[in-house]
Amino acid sequence: MNDKFFQTLEEGRKLISSAPCEYADIRLSLSEGTGISLSKDNIESVSSSDSVGGSVRILKNGAWGFSTFNDIGNLEKYFKAALRSAMMVNPAEKSLAAAGQGRRASFKTASIRPAESVTLDEKFELINSYNKILMGSEKIQTTRAIYRDVKTYYVYLNSEGSDLSFDKSYCGISLASVAKSGSLVQPFHESLSGYGGFELVEGKENAAENVLKTSLDLLDAESLPGGKYDVILDPKLCGVFIHEAFGHLSEADFVHENPRMRDIMKIGRDFGPEILNVYDEGDRPELSGYIPFDDEGMEPSSTALIKNGILSGRLHSRETAYKMNEEPTGNARAIGVMRQPIVRMTNTYIENGKSSKDEIFDAVDDGIYAVDVIGGQTNLEMFTFTAGYGYMVKNGKTGRMFKDIILSGNVFNTLKNIKMIGNDKKMFGGLGGCGKGGQSPLPVSFGGPHMLVSDVLIGGK
Amino acid sequence: MKNILFSAVPKDAAWFDAVYITGRSTPISFKNNRIYSVNESENSGFGVRVNMDGKTGFSSTNDPSGVADTVRRAAATAPYGEVEKFKIPGGTVKGFDPHDSSIDLFDPKEEIAAAELFIRKIESAFPSINVDMSVSASAGSFRLINSQGVDLEYIDSLYSVSVSCSYVVKDGDKIDTWESVSALKPIDYNYLSDILINRIARGINREKLASGTYPVILPPSAAARFLGIIASGLNGQALWKGISPLAGKMGEKVFSDSLSLIDDPRIEGSPYTAPFDGEGINPSRRALINKGVVEGFIADLKYAERLGIDPTGNAARGYSSLPSPSFNGITMDPGSMSFNEIVKGIELGIVAEQFIGLGQSNTLNGDFSANLDLAFLVENGEIKGRLKDCMISGNVYDLMKGNIILSREMERKGSSLLPYICLDGVSFTA
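Protein sequence lines correspond, in order, to chains A and B. Counted from 1, the first sequence has number 277 at position 277 by the numbering used here; the numbering is strictly sequential. In the numbering used here, each residue's number is its place in the second sequence (first place is 1) plus 461.
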């Protein structure tokens, strides 16, 4: 297989150097991985699989042609298919892409214990030991403990002369306990993952114990009545908040050809209080959303989305940057080589403010402390984000535990309601990821410090 | 491939089954009201289960030359599996191909021209609107081979169109809405433009409603999402694990008399049908809930054996994963009132089309809490303007016990065929 892959790569270099078009790129990948899934006393699956894939994308006369395939021995055929597809279209308004500089570089994930050097026995024993922790109470009805590693060799070539490769290793676990009492079924879940080796998932007994304890505690938690609340977000929920509330709106493909959205998203617009600073940084190798180059061969960057409350940047592909006459940011990403890159986030966070966690709690007489994350969703204007659980806060002290905290906001009001930002930022990843345009899950990370937001709508009776 | 497969399986294997799936598609995408790209996609993959001494291993590849290695890898992971007692079938029959040869008439140039006209029509109603669209034709094959002598292949086809509109009313006040169709062959989708235009026009005017409990009408696509929460409780896997609220409720009346839910593998016009499931079981129509009484559930071979029932023909299977129980097509017995009659009977209520965050609550328990992405006020029997920046919440199991009304109109969305459903007493927070 490797021989064929490298032969194809050579053929790709030849094809792309003489491509009769404005721009072309070829992406190829070769990957293999192991998966183990346990559920209480049962072994759901143990598998080891491989996959190969490629795509050709061609911009000719302002139209994109794209072909995808797994039969990599036939690259020339698919190259012609992409060209033929592009020529089928004669667009009134042409697509154009910002030029990049041809780059040649190789990148490799730094692993302390590469997953391929660890036996299946050891992987099985590790996830089995976490699963036993997750089962640690008679009230646990079922569990799910998943281990996964994937090693991918990814190559990117384009007609500007770029020849890039990323030998990447991703490793992660997902841990869930489902507690039951009477007819009430109460799950809780955590996932840890990132670029690296087996070391990323070793020694995570605390995470499993926390999942077990939280699912049991939630059996006795009450549902929060619906209404508007002052809410302290923990760093993880703060990260999902900014990902949903603002991150997606920063993706320029929602804006670049929509005159009304361009008006709304003018650089310099006031979106939040002066203490609010938001960044997206693709160039952080230690985080789940790391990319050494994006799926259009551009270098990642640190992009300030909001500086001192003011809209100061956005995320671009080559095409959106060209259309908006702004600098590319290296945010064109695809979940795999068989999908077209679209504008996506990488590692997105709210930067530390000046308040300590204690100062934030002291400022709340009557509110909610919302902790951990189930998920979030946005339509760019309105968004929801769901906490794992939360606590009543009275006069700065936490009290009763609550479950079912689904928070909802509107980007034009909720960011302005940010009252205090802490100084204890943390970043989070996980085996899940972000979804957009039918492409999910894309590895991203998100984070921030503790943060106080007033007047947040929470659904409930 | 068959020969490579049979010769690579260890002689002492108890059984094996393998799937080989191929697909070819031509998706055309339109972004921001114009043609964006034409794609050609070809893919195939092979997945195999090998059972050694009662334990099953699994592996997959999409490298056409990698079949033998993949079989050996599957056998090598088998010792890590658990003992499974189910038997794979031998008597599978292929009654039909979910395929229409008219799919070959798909002409990208004609489709582009038709889609451009369609977009122009929506634009003529709202000149500043942004329309994204995808028009796609695909055809493929599914082959199942097992050690019981099954070697069957069916071919399938799918034509699908999805349209998504985004309209900024004024500074940031935005309406996003979408529609889609799917069929075995190219069909006329022009009727969608009026549906979208009317929905957006209605959404421009804003209404207010005080927090409280109200009747909520769910159009068929929204109803599918709520029924999906209940259906997941009728999945054999959830029942066996004891995490479904319906575990142990077989034969009990749990829901309203009006609620009858059916898993139907042959919904009229649906392209999402198959003559046999991923393990070679021929599916049949199955009553899940009959007049409020829990009557049936679905399972693959593994969970059918564990639950002590006959396999139901509900094993969903891609090449890169093990089979798992999945519904073939959800449908209901329709009601007697029309949608308009249901609306006329409501003094103050909501028509809820689209949600943000639905499914991020404790859905195992039936809970939901979601922002109303697109919803309309019903006042004195008439549908009014849009309700926005608000949420609905509740428990689907509780609401389906109560007073529910189904319309006599039924619409197919994807693999389901459903009426409008009116739920009573839904919590609304604004």
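Note that the Cβ used here is the ideal one computed from N, Cα and C, for glycine as well. Computed from a prediction, not measured in an experiment: that's the story for all the values here.
When the Cα atoms are used, what is the spatial distance from residue i to residue j?
i: Phe385(A); j: Lys461(A); result: 18 Å
i: Phe241(A); j: Leu233(A); result: 9 Å
i: Thr553(B); j: Asp612(B); result: 9 Å
i: Asn423(A); j: Ile275(A); result: 11 Å
i: Asp253(A); j: Met345(A); result: 12 Å
i: Ala19(A); j: Asn2(A); result: 25 Å
i: Lys40(A); j: Gly33(A); result: 23 Å
i: Ala671(B); j: Asp725(B); result: 40 Å
i: Pro676(B); j: Ile811(B); result: 6 Å
i: Asn395(A); j: Asp362(A); result: 7 Å
i: Leu219(A); j: Gly459(A); result: 20 Å
i: Leu175(A); j: Val211(A); result: 7 Å
i: Tyr471(A); j: Thr8(A); result: The structure shown does not extend to residue 471(A), since chain A is modelled only from 1 to 461, so the question has no answer here.
i: Gly551(B); j: Asn607(B); result: 8 Å
i: Lys266(A); j: His248(A); result: 15 Å
i: Met401(A); j: Gly818(B); result: 22 Å
i: Ser599(B); j: Asn500(B); result: 11 Å
i: Val373(A); j: Lys425(A); result: 16 Å
i: Ala537(B); j: Ala529(B); result: 12 Å
i: Tyr391(A); j: Gly367(A); result: 9 Å
What residue from the options has the CA that sits closest to residue i's CA?
i: Thr522(B); options: Ser505(B), Asn789(B) and Cys626(B); result: Ser505(B)
i: Thr320(A); options: Val343(A), Gly102(A), Gly336(A) and Gly268(A); result: Val343(A)
i: Gly863(B); options: Leu848(B), Arg869(B), Gly875(B) and Cys883(B); result: Cys883(B)
i: Met382(A); options: Glu840(B), Met852(B) and Leu688(B); result: Met852(B)
i: Asp885(B); options: Glu808(B), Asn823(B), Asn826(B) and Leu878(B); result: Glu808(B)
i: Gly827(B); options: Ser585(B), Leu578(B), Tyr858(B) and Tyr650(B); result: Tyr858(B)
i: Asn42(A); options: Thr142(A), Ala92(A), Ile16(A) and Ile133(A); result: Thr142(A)
i: Lys236(A); options: His450(A), Val456(A) and Gly438(A); result: His450(A)
i: Leu619(B); options: Pro647(B), Arg534(B) and Val839(B); result: Pro647(B)
i: Asp50(A); options: Gly515(B), Ser595(B) and Ser526(B); result: Ser526(B)
i: Thr329(A); options: Asn395(A), Tyr349(A), Asp280(A) and Phe5(A); result: Asp280(A)
i: Lys763(B); options: Val499(B), Arg533(B) and Glu543(B); result: Glu543(B)
i: Cys434(A); options: Asn131(A), Pro443(A), Met427(A) and Phe428(A); result: Pro443(A)
i: Thr824(B); options: Phe124(A), Ser67(A), Gln186(A) and Tyr130(A); result: Gln186(A)
i: Glu545(B); options: Glu766(B), Tyr780(B) and Gly796(B); result: Glu766(B)
i: Arg746(B); options: Pro732(B), Ile803(B) and Ile791(B); result: Ile791(B)
i: Ala82(A); options: Leu578(B), Glu503(B), Ile580(B) and Ser797(B); result: Glu503(B)
Measure how close the beta-carbons of residue i and residue j come, nearest whole angstrom, since I'm counting them as under 8 Å.
i: Asp478(B); j: Leu605(B); result: 7 Å
i: Pro588(B); j: Asn696(B); result: Not confirmed; about 47 Å, so no contact.
i: Gly518(B); j: Ala535(B); result: 5 Å
i: Ser55(A); j: Met338(A); result: 6 Å
i: Leu878(B); j: Ile728(B); result: 5 Å
i: Gly172(A); j: Arg113(A); result: So it is not a contact: roughly 14 Å between Cβ atoms.
i: Arg847(B); j: Glu668(B); result: 6 Å
i: Asn347(A); j: Gly289(A); result: 4 Å
Is the beta carbon of residue i less than 8 Å from the beta carbon of residue j?
i: Ser445(A); j: Leu311(A); result: no
i: Pro681(B); j: Pro880(B); result: yes
i: Pro569(B); j: Met88(A); result: yes
i: Ile133(A); j: Glu222(A); result: no
i: Trp64(A); j: Ala98(A); result: no
i: Asp270(A); j: Gly309(A); result: yes
i: Gly448(A); j: Ala245(A); result: no
i: Arg27(A); j: Asp358(A); result: no
i: Gly375(A); j: Gln815(B); result: no
i: Val642(B); j: Gly712(B); result: no
i: Asn464(B); j: Asn258(A); result: no
i: Asp404(A); j: Ser830(B); result: yes
i: Ile723(B); j: Met861(B); result: no
- Item | Near-chain A residues of the region 506–530 of chain B - C-beta to any C-beta below 9 Å | Within the region 506–530 of chain B, the residues whose Cβ lies closer than 9 Å to any Cβ of chain A are, in chain order, Gly506, Gly508, Lys516, Thr517, Gly518, Phe519, Ser520, Ser521, Thr522, Asn523, Asp524, Pro525, Ser526, Gly527 and Asp530.
- Query: Taking a cut of 9 Å between CB atoms, which residues from the region 145–160 of chain A lie near chain B?
  - Reply: Flagged: no residues at all.
- Report the residues of the region 178–210 of chain A with a CB closer than 9 Å to any CB of chain B, ordered along the chain. So the close ones are Val178, Lys180, Ser183, Leu184, Val185, Gln186 and Pro187.
- Message: Residues of the region 434–456 of chain A in Cβ contact with chain B at a cutoff of 8 Å, in chain order, please.
- Response: Cβ contacts with chain B come from no residue of the region 434–456 of chain A.
- What residues in the region 577–611 of chain B bring their beta carbon closer than 7 Å to a beta carbon of chain A? Listed in sequence order: Ser589 and Asn591.
- Item | chain A contacts from the region 528–558 of chain B (Cβ-Cβ distance under 7 Å) | Residues passing the 7 Å Cβ filter: Arg534, Thr538, Tyr541, Gly542 and Glu543.
- Query: At a Cβ cut of 8 Å, what residues of the region 277–293 of chain A count as close to chain B, listed as they run along the chain?
  - Reply: Correct list: empty, as no residue qualifies.
- Task: Identify each residue in the region 672–696 of chain B for which the Cβ-Cβ distance to at least one residue of chain A is less than 9 Å, and report them in chain order.
- Result: Correct list: Ser672 and Thr674.
- Query: Listed from N- to C-terminal order along the chain, which residues in the region 616–645 of chain B have their beta-carbon within a distance smaller than 8 Å of any beta-carbon of chain A?
  - Reply: Flagged, chain order: Ser627, Val629, Asp632, Gly633, Asp634, Lys635 and Asp637.
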